[in-house]
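Participant: Would you mind keeping the following structure in view while I ask a few things?
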Amino acid sequence: MSIPSALDPQPSATSPASLTPNAKITKKILVLGATSGIAEATCRIWAAQGAQLFLVARNAEKLAAVAADLKLRGAAYVGTAVADLDDTGKHAELLAHAVNSLTGMDIAYLAYGILGDQARGEQDFEHAAQILHSNFVAPVSLLTWLANFCVQRRSGVLAVLSSVAGERGRKSNYLYGSSKAGLTAFLAGLRNRIDREGVTVLTIKPGPVNTAMTAHMNIKKADVNKVAAAIVKAIDAKKDNLYVPGIFQPIMFIIRNIPERIFKKLNL
Ligand SMILES: NC(=O)c1ccc[n+]([C@@H]2O[C@H](COP(=O)([O-])OP(=O)(O)OC[C@H]3O[C@@H](n4cnc5c(N)ncnc54)[C@H](OP(=O)(O)O)[C@@H]3O)[C@@H](O)[C@H]2O)c1
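Pasting the structure below:
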C-alpha cells in the first residue's frame with residue numbers, strides 16, 4: 003500500500019482573525035476531501051451562507067480551483083491544505099493547523115473516499131487493504147483527533163459520508179461495502195460515547211449520487227445538489243443519521259431483512 007506524505011498547508015490571505023469586528027458570526031467548517039463532488043456541492047451552499055471554510059484535498063490544482071470558486075460565491079474565509087489523507091502519521095499536524103487557521107471549528111465534514119475495484123480486490127489483497135485503509139482506517143484516525151477536540155470544547159458536529167453500501171455485503175461491492183460498514187459502526191459507537199458530551203455525530207448514507215465516483219455506472223443516480231442540500235439541513239438539525247435520497251431508508255430496511263438463504267442467491 004503506498005501512502006504518500008504530501009502535506010503542504012497553504013492558508014489563504016484572509017484569516018478569520020482579520021475579519022472586521024462587525025462581520026457576521028458564521029459557521030467554521032473543516033472539509034476533508036474538499037474536491038469530492040458531494041463536498042464541492044455542499045461547500046457551494048455553505049459559501050453562499052458566508053461560512054468560513056478550511057479545505058483539505060490531495061490534488062493542489064483542483065483544490066485551488068474549488069477554493070477560488072467558493073470565495074467568489076461568498077465564503078467569508080477559505081483556507082487550504084494539500085494532503086494525502088491516507089497518511090495517518092500527518093493527521094495531528096494537519097488538523098491542528100486547520101483548526102488554528104479557522105480559529106475554532108463548528109463542523110468537520112469528512113467527504114473523501116474511494117470506490118476501488120471489487121474484481122481486482124478479490125485477487126489482490128493489497129488493493130483490498132487500500133480500500134479498507136482509505137474508507138475506514140484513515141477516517142478513524144481523523145475522527146479520533148476531531149472527536150477529542152470537540153469533546154474538550156463540548157461542542158461541534160462531525161458529519162461523515164458513509165454509504166448505504168455498508169448496510170449489507172453484496173457480491174458486486176463487498177470490499178467498499180465492508181469498509182463503509184466498519185465506518186458506520188465506528189460512528190455509531192463514537193456517537194454513543196460523545197453525544198452526551200455535546201458533540202453531534204452525523205452518519206450520512208447516500209445511495210448512488212451523480213459524481214466522478216459513479217460516472218462509469220449505468221444506474222439511476224441522485225442529483226448532487228439535492229444531496230448536498232439534504233446534508234446541510236441534517237447538519238443544521240443535528241441529526242444522527244441521514245439516508246439520502248430518503249427512499250433509501252425503507253429500501254435498506256428491506257435489503258437488510260431479506261433472509262440469507264434467499265439473499266445469497268441474488269445477483270446484487
Ligand atoms: N457518489 C456516490 O454514489 C456515493 C454514494 C455513497 C457514498 N459516497 C461517499 O461519498 C464520499 C464522496 O464521494 P463522491 O461521490 O463525492 O466521489 P468523488 O467525487 O470521486 O470524490 C472522492 C474524493 O475523495 C478524494 N480522495 C480519495 N482518496 C484520497 C486521499 N487519500 N486523500 C485525499 N483525498 C482523497 C478524491 O480526491 P482526488 O480527486 O484527488 O482523487 C476525491 O476528491 C465518499 O466517501 C464516497 O464513498 C458516494
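Under our numbering, the first residue of the sequence shown is numbered 3, with each subsequent residue one higher. We treat Cβ as the ideally placed atom computed from N, Cα and C, and that holds for glycine.
1) Could you work out which residue in Gly171, Met215, Asp225 is closest to Leu268 when comparing CA atoms only?
2) Measuring CB atoms only, is the stretch 220-228 touching the stretch 179-197, in the sense that at least three cross pairs come out at less than 8 Å?
3) Should Ser103 go down as buried or exposed, given a rule of 16 or more other Cβ atoms within 10 Å for buried?
4) Which residues in the same chain as Gly2 place their Cβ atom closer than 7 Å to its Cβ, once the five residues preceding and following it in sequence are excluded?
5) Using the C-alpha atoms, what's the distance from Leu55 back to Met107?
6) Under the three-state reduction of DSSP, which class applies to Ile279: helix, strand or coil?
7) I'd like the list of long-range same chain contacts for Gly209, defined as Cβ closer than 7 Å, with 5 residues on each side in sequence excluded.
8) Does the beta-carbon distance from Ile264 to Ile233 come in below 7 Å?
9) Do Val203 and Leu160 have their C-beta atoms closer together than 7 Å?
10) For a test of your reading of the model: does the CB of Ser211 fall under 6 Å from any non-hydrogen atom of ligand 1? Yes or no.
11) Sorted by chain position, which residues of the same chain lie with C-beta nearer than 6 Å to Ser164's C-beta, five sequence neighbours on each side aside?
12) Just list the alpha helix (DSSP H) runs in the stretch 155-218, keeping only unbroken ones of 4 residues or longer that don't cross its boundaries, in chain order.
13) Within its chain, find whatever has a CB closer than 7 Å to the CB of Val80; leave out the 5 residues flanking it on each side and keep chain order.
14) Quick one: grab the DSSP three-state call for Lys266.
15) Put Met3 into one of helix, strand or coil per three-state DSSP.
16) Given this structure, state the Cα-to-Cα distance separating Gly168 from Tyr178, to the nearest angstrom.
17) Could you check where the alpha helix (DSSP H) with Ile1 kicks off and where it finishes?
18) Alpha carbon to alpha carbon, how far is Ala85 from Thr105? Give it in angstroms, no decimals.
19) Check whether the Cβ of Asn61 sits closer than 6 Å to any heavy atom of ligand 1, and report yes or no.
20) With respect to 6 Å, is the separation between the Cβ of Ala214 and the closest non-hydrogen atom of ligand 1 below this value?
21) Do Ala43 and Ala227 count as a contact pair if the criterion is CB distance below 7 Å?
22) Kindly indicate which three-state DSSP category Ala85 falls into: helix, strand or coil?
Facilitator: So, from the listed chains and residues:
1) Gly171
2) no
3) buried
4) Because the chain in this structure spans residues 3 to 270, residue 2 falls outside the shown range and cannot be described.
5) 9 Å
6) The structure shown has nothing for residue 279, since the chain only spans 3 to 270.
7) Val166, Ala224, Pro247, Phe250
8) no
9) yes
10) The sequence shown places Val at residue 211, rather than the Ser named in the question. Checking every heavy atom of ligand 1 against the Cβ of Val211, one is found closer than 6 Å.
11) Lys182, Leu185, Thr186, Thr205, Lys207
12) 176-196
13) Ser14, Leu55, Leu57, Ala69, Leu72, Lys73
14) coil
15) Confidence is the limiting factor: at Met3 the pLDDT is only 35, short of 50, which leaves the residue's position unreliable and the question unanswerable from this model.
16) 8 Å
17) Because the chain is modelled from 3 through 270, residue 1 falls outside the range shown and cannot be assessed.
18) 20 Å
19) yes
20) yes
21) The question names Ala, but residue 227 is Asn in the sequence shown. Result yes, Cβ atoms of Asn227 and Ala43 sit closer than 7 Å.
22) strand
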